[in-house]
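2 protein chains.
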Amino acid sequence: MVGRTRNTKSKRATLADVAKLAGVSAITVSRVLNHPDKVSDDLCHRVREAIDTLGYIPNQSASSLASARSQVIGVAIPSLSNVVFNDVLRGIYDVAGAGGYKVLLVDTHYSPIEEENMIRTLLSQSPEAMIVTGGDQTRACQRMLSSAAIPVVQMMEILEEPLDMNIGFSHFQAGFEVAQKLMACGYQRIGFIGARMDTRVQQRMAGFKEALQTQDLYHSELFTTTPSPSSIALGGELLRGLLSTSGGKLDAVFCCNDDLALGALFESQRMHLSVPKDLALCGFNDFETSAFVNPSLSSVHVPRYEMGVQAAQMILNVLKGVPNKEKQVDIGFEIRMRQSTRMASA
Amino acid sequence: MVGRTRNTKSKRATLADVAKLAGVSAITVSRVLNHPDKVSDDLCHRVREAIDTLGYIPNQSASSLASARSQVIGVAIPSLSNVVFNDVLRGIYDVAGAGGYKVLLVDTHYSPIEEENMIRTLLSQSPEAMIVTGGDQTRACQRMLSSAAIPVVQMMEILEEPLDMNIGFSHFQAGFEVAQKLMACGYQRIGFIGARMDTRVQQRMAGFKEALQTQDLYHSELFTTTPSPSSIALGGELLRGLLSTSGGKLDAVFCCNDDLALGALFESQRMHLSVPKDLALCGFNDFETSAFVNPSLSSVHVPRYEMGVQAAQMILNVLKGVPNKEKQVDIGFEIRMRQSTRMASA
DNA sequence: TTGTATGCGTTATCAG
DNA sequence: CTGATAACGCATACAA
């Protein structure tokens with residue numbers, strides 16, 4: 016190593032280093048970076064050259080400390096492996112990134128306790144806003160969120176009493192309408208298989224059950240649930256279980272998501288059950304696979320990317336001082352009936 | 016604004032606030048948080064109470080600035096929507112989280128230019144280490160990474176000249192072996208469909224092609240590629256295209272990933288082509304779907320979660336001062352032949 | 001347009 | 001075991 020003018024031990028260059036090299040004061044360098052319009056073109060140019068030659072990268076911690084602006088948005092999702100959150104995240108990242116914000120992402124593993132800890136960690140980074148999933152945070156967690164005094168969006172479902180802003184759709188209503196569709200198709204022995212059983216899945220199931228009850232078609236022995244995480248393999252297992260306990264008297268099954276539904280479909284095929292002739296299947300989330308598999312799978316489509324986009328936009332609006340028209344947005348859903356369920360009887 | 020004793024306007028509590036309430040000095044509070052063993056139980060207790068009643072959350076920016084330890088690991092992946100990276104990320108998050116590190120994640124959209132910008136942003140957060148994808152960073156980006164003087168892991172593929180540490184597998188070799196397997200099954204008219212065509216896909220294709228050439232079975236007209244991102248829909252389209260241009264003389268297709276392969280499989284079914292009788296298919300990445308779809312799909316299995324885990328562990332080791340035995344780890348792959356390709360001829 | 005002084009909340013260093 | 005003081009690197013408020 017060659018001895019250099021100052022940074023003896025090749026430490027990261029600072030504003031001061033750049034300033035010295037450019038022959039200006041530190042604040043001028045800062046301005047070139049943050050308010051270029053407030054600096055003469057001449058200096059601006061000289062400073063940029065110095066920045067380049069030094070490979071200067073601003074220290075965001077110092078900036079954050081001095082300005083109380085971290086440029087970070089904290090995001091908490093319950094699972095990194097659940098593909099559902101990918102699309103939402105993509106929306107958030109696209110909008111946040113375009114707005115100059117970084118995203119600090121944590122995975123709460125569907126546990127409110129973990130969520131509380133992760134959100135505490137997140138808050139220690141002084142995020143300028145937070146996006147969290149659902150509404151079952153611990154009391155302590157909600158207090159933290161509130162006293163952080165930053166915009167918060169709770170996403171994925173419509174909440175009775177949002178902490179601040181809220182975007183999502185009614186899982187209860189979605190479940191309810193799926194049941195209506197299946198009944199309209201003439202199915203009588205209608206079952207349900209669910210996994211993970213987080214709040215949103217529970218609501219889907221509750222809505223589904225309620226609709227069945229209106230027609231006296233709810234049979235508790237046709238409902239199977241497990242706290243295990245969803246997978247295609249599990250979908251097959253649950254279907255087999257349901258078929259055996261129901262004594263074969265089963266003509267339609269609503270699966271709480273497309274993982275289970277695809278598993279059930281593939282398992283049906285292996286058991287030489289014809290879908291939808293022997294058994295109708297309906298999933299939830301509408302994966303791309305569902306539209307292309309044979310027979311194609313009926314499912315509930317949700318504009319997830321759009322939800323992420325809007326969640327981030329609501330945040331950016333508040334951060335920019337533009338008030339949102341609505342603090343709560345119902346993004347809706349759409350039931351897509353395909354080949355795995357027969358046409359509604361006229 | 017009123018002159019304040021301390022926080023007139025419910026600002027976040029600071030170390031000083033906690034210290035005052037507990038009747039100790041700020042540094043003692045700091046120690047309770049970071050080196051509890053160096054503080055008497057009595058004080059420790061009093062301080063913790065004060066922390067609780069104030070709902071104190073440390074300011075990581077200040078900590079980072081003062082200690083030069085950000086507790087952040089930066090991660091750059093090329094796509095948030097590609098499921099492949101989910102598993103890797105899960106591994107990284109699990110290990111990093113357990114080690115007390117946060118993960119700052121960026122999506123480079125498969126663009127070295129974007130990657131350079133995003134990594135610059137990442138570096139401004141003073142991460143203590145970086146995990147990036149592959150080796151085709153821009154020169155400038157590699158310089159930044161090097162001069163950051165932090166541990167760096169390049170993952171997903173084995174590199175000739177890693178910047179620092181490296182974990183992955185040889186995509187060339189994987190493609191090569193897939194071709195060998197197909198040829199061993201007796202296929203003669205072997206095609207390839209590829210999308211996105213990033214470095215790793217190109218290597219798979221190159222290996223595949225080279226193996227075919229050894230047996231004089233490479234036919235350029237049976238290779239189709241597109242820069243478009245992969246999807247199931249695209250797999251179907253590419254297969255249709257290939258079938259029409261090849262005049263039906265095609266008996267096996269290697270798809271650069273399982274998205275395309277599933278699309279090709281579903282499309283074959285709609286065209287009433289029997290797989291593998293009329294056409295054999297092999298994918299890459301081994302999604303869960305591939306093992307369960309009918310017919311099940313041959314694919315190349317890669318220990319992605321494990322790769323994420325090990326990448327993070329290599330980082331943590333360096334950070335803890337424990338040297339890694341290897342700076343480069345070949346995590347391997349495994350070709351899983353299933354029903355979509357016929358058995359190798361004896 | 002540019003610069004000076006000051007403080008952001010924490011930790012390292014050194015005293016006691 | 002505990003505390004005083006001085007950084008850490010940058011941006012705000014004010015001057016020039």
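In the order they appear, the protein sequences are chains A and B.
When you read off a place in the first sequence, starting at 1, and then add 15, the result is the number in our numbering.
When you read off a place in the second sequence, starting at 1, and then add 15, the result is the number in our numbering.
For glycine and all other residues, C-beta sits at the position ideal for the given N, C-alpha and C.
As the structure is a prediction and not an experimental result, all values here were calculated from the model.
* Does DSSP classify C297/A as helix, strand or coil? -> Position 282 of the first sequence, counting from 1, holds the residue named residue 297/A. Here C297/A sits in strand by DSSP.
* Would you mind sorting R215/B into buried or exposed? The rule is 16 or more other CB atoms within 10 Å of its CB. => Residue 215/B sits at position 200 when you count from the first residue of the second sequence. Burial of R215/B is indicated by the presence of at least 16 other C-beta atoms within 10 angstroms of its C-beta.
* Specify the secondary structure class of E172/A as computed by DSSP and reduced to three states. => Reading the first sequence from its first residue, position 157 is the one you call residue 172/A. Here E172/A sits in strand by DSSP.
* 7 Å Cβ cutoff, V344/A in contact with chain B -> Within the first sequence, residue 344/A is the residue found at index 329, counting from 1. For V344/A, the answer is no, since every Cβ of chain B falls outside 7 Å of its Cβ.
* Thinking just about the alpha-carbon of each residue, which of M322/B, K340/B, C270/B is nearest to the one in F348/B? -> By one-based count along the second sequence, residue 348/B stands at place 333. For F348/B, the nearest C-alpha among the options comes from M322/B.
* To do: Identify every run of the beta strand (DSSP E) within the stretch 302-346 of chain B, keeping only runs that are complete inside it and at least 3 residues long; order them along the chain.
  => The stretch 302-346 of chain B contains these whole beta strand (DSSP E) runs: 314-316, 343-345.
* **Which listed residue (K117/B, V324/B, A111/B, L296/B) has its alpha carbon closest to that of I350/B** => Your numbering for residue 350/B matches position 335 in the second sequence. Residue L296/B holds the alpha-carbon nearest to the alpha-carbon of I350/B among K117/B, V324/B, A111/B, L296/B.
* May I ask you to list, following chain order, the residues of the stretch 311-343 of chain B that have a beta carbon less than 7 Å from some beta carbon of chain A? => Legend: CB atoms of the stretch 311-343 of chain B lying less than 7 Å from CB atoms of chain A are not found in any residue.
* Asked: For L331/B, which of S161/B, A144/B, F223/B has the nearest alpha-carbon?
  -> Translated into positions along the second sequence, residue 331/B becomes position 316. Distance check between L331/B and each of S161/B, A144/B, F223/B places A144/B closest, using alpha-carbon atoms only.
* chain A beta carbons: is any one of them nearer than 7 Å to that of F223/B? -> Translated into the one-based positions of the second sequence, residue 223/B becomes position 208. Chain A has no Cβ within less than 7 Å of the Cβ of F223/B.
* Answer yes if the stretch 103-110 of chain B comes into contact with the stretch 64-73 of chain B, meaning at least three C-beta pairs across the two stretches below 8 Å, and no otherwise. => Contact fails: fewer than three Cβ-Cβ distances are below 8 Å.
* To do: Using only alpha-carbon positions, find the residue among K292/B, S313/B, N309/B, P291/B that is nearest to D301/B.
  => The residue labelled residue 301/B in the question sits at position 286 within the second sequence. It is S313/B.
* Using a Cβ cut-off of 7 Å (strictly closer), state whether Q195/A contacts chain B. => For this step, residue 195/A is matched to residue 180 along the first sequence. Under the Cβ criterion of 7 Å, Q195/A is not counted among the residues facing chain B.
* What's the C-alpha gap between N22/B and E129/B? -> What you label residue 22/B is simply residue 7 of the second sequence in a count that begins at 1. What you label residue 129/B is simply residue 114 of the second sequence in a count that begins at 1. Unreliable placement is indicated for N22/B, whose pLDDT of 35 sits below 50; the coordinate value is still reported in the next sentence. About 42 Å.
* Can you list, in chain order, the residues of the stretch 285-311 of chain B whose Cβ is nearer than 7 Å to any Cβ on chain A? -> Those residues of the stretch 285-311 of chain B placed with their C-beta closer than 7 Å to a C-beta in chain A are R285, E303, T304, F307, V308, N309, ordered along the chain.
* Asked: What residue range is occupied by the uninterrupted alpha helix (DSSP H) comprising N49/B?
  -> As a first step, residue 49/B must be located in the second sequence, where it is residue number 34. DSSP places N49/B inside the alpha helix (DSSP H), whose first and last residues are 41-49.
* Asked: Is it buried or exposed for D266/A, if we count other Cβ within 10 angstroms and need 16 for buried?
  -> Translated into positions along the first sequence, residue 266/A becomes position 251. It is buried - the Cβ of D266/A has at least 16 other Cβ atoms within 10 Å.
* Please classify S126/B: is it buried, with 16 or more other beta-carbons within 10 angstroms of its beta-carbon, or exposed? => Along the second sequence, one-based indexing puts residue 126/B at 111. By the neighbour-count rule (16 or more Cβ atoms within 10 Å), S126/B is not buried but exposed.
* Would you call the stretch 198-206 of chain B and the stretch 165-174 of chain B touching, i.e. three or more CB-CB distances under 8 Å? -> With a cut-off of 8 Å, the stretch 165-174 of chain B and the stretch 198-206 of chain B do not count as touching, because too few Cβ pairs lie within range.
* Indicate whether A31/B and S40/B have their beta-carbon atoms separated by less than 7 Å. => Residue numbering aside, residue 31/B sits at position 16 when the second sequence is read from its first letter. Residue numbering aside, residue 40/B sits at position 25 when the second sequence is read from its first letter. No, these two residues do not count as a Cβ contact at 7 Å.
* Asked: Got a sec? Which residues, its chain only, sit under 7 Å from V110/A by beta carbon, not counting five neighbours each side?
  -> Mapped onto the first sequence, residue 110/A falls at position 95. Correct list, in chain order: V324, A327, Q328, L331.
* To do: Given a cut-off of 7 Å, decide if G250/B and G278/B are closer than it, judged by their beta-carbon atoms.
  => For the purposes of this step, residue 278/B is taken as the residue at position 263 of the second sequence. For the purposes of this step, residue 250/B is taken as the residue at position 235 of the second sequence. Yes, they are a contact pair.
* Roughly how many whole angstroms lie between the Cα atoms of D52/B and V99/A? -> Residue mapping note: residue 52/B aligns to position 37 of the second sequence, counting from 1. Residue mapping note: residue 99/A aligns to position 84 of the first sequence, counting from 1. Those two C-alpha atoms are separated by around 44 Å.
* Pull up the distance between the alpha-carbon of D57/B and that of K117/A, whole angstroms please. => The residue you call residue 57/B lines up with position 42 of the second sequence. The residue you call residue 117/A lines up with position 102 of the first sequence. Each residue's Cα considered, the two are about 41 Å apart.
* Closest by C-alpha distance to M352/A, when choosing among M286/A, E192/A, R255/A, T260/A -> The count along the first sequence starts at 1 and reaches residue 352/A at position 337. Among M286/A, E192/A, R255/A, T260/A, the Cα nearest to that of M352/A is on E192/A.
* **Distance CB(D122/A)-CB(L160/A) smaller than 7 Å** => For the purposes of this step, residue 122/A is taken as residue 107 along the first sequence, with counting starting at 1. For the purposes of this step, residue 160/A is taken as residue 145 along the first sequence, with counting starting at 1. In terms of Cβ geometry, D122/A and L160/A do not form a close pair [threshold 7 Å].
* Residues near F238/B in its chain [Cβ-Cβ closer than 7 Å; skip 5 each side] -> Taking the second sequence and counting its residues from 1, one reaches residue 238/B at position 223. Cβ within range, chain order: G206, F207.
* Asked: Which residues in the same chain as I165/A place their Cβ atom closer than 8 Å to its Cβ, once the five residues preceding and following it in sequence are excluded?
  -> Locating residue 165/A in the first sequence gives position 150, counting from the first residue. Correct list, in chain order: P142, E143, A144, M145.
* Are the C-beta of M16/B and some C-beta of chain A separated by less than 7 Å? -> Working through the second sequence from its first residue, we reach residue 16/B at position 1. Residue confidence is low: M16/B scores 29 on pLDDT, short of 50, so the model does not pin down where it sits. Its coordinate-derived value is still stated next. Not closer than 7 Å to any Cβ of chain A, the Cβ of M16/B fails to qualify, so no.
* Contacts around K224/B, its chain only, beta-carbon distance under 6 Å, and the 5 residues preceding and following it disregarded -> Taking the second sequence and counting its residues from 1, one reaches residue 224/B at position 209. Non-local beta-carbon contacts of K224/B in its own chain, meaning distances under 6 Å to residues more than five positions away in sequence, involve Y233 in chain order.
* **Residue of G262/B, S311/B, I182/B minimising C-alpha distance to V344/B** => On the second sequence, residue 344/B is found 329 positions in, with the first residue counted as 1. A check of alpha carbon separations from V344/B across G262/B, S311/B, I182/B identifies I182/B as the nearest.
* Starting from the Cα of A226/B, find the closest Cα among P242/B, A210/B, S243/B, A194/B and give me that residue. => The residue given as residue 226/B occupies position 211 in the second sequence. For the residues P242/B, A210/B, S243/B, A194/B, the minimum Cα distance to A226/B belongs to A194/B.
* Please classify R105/A: does DSSP put it in a helix, a strand, or coil? => Along the first sequence, one-based indexing puts residue 105/A at 90. Reduced to three states, the DSSP call for R105/A is helix.
* Asked: In whole angstroms, what is the alpha-carbon distance linking V167/A and V147/A?
  -> Here residue 167/A refers to the residue found at position 152 of the first sequence. Here residue 147/A refers to the residue found at position 132 of the first sequence. The alpha-carbon atoms of V167/A and V147/A are separated by roughly 7 Å.
* Closer than 7 Å to chain A by CB, N49/B -> Here residue 49/B refers to the residue found at position 34 of the second sequence. By this cut-off, N49/B is not an interface position.
* Asked: Bridge partners of N132/B, per DSSP?
  -> What you label residue 132/B is simply residue 117 of the second sequence in a count that begins at 1. Paired residue(s): none; N132/B is not in a bridge.
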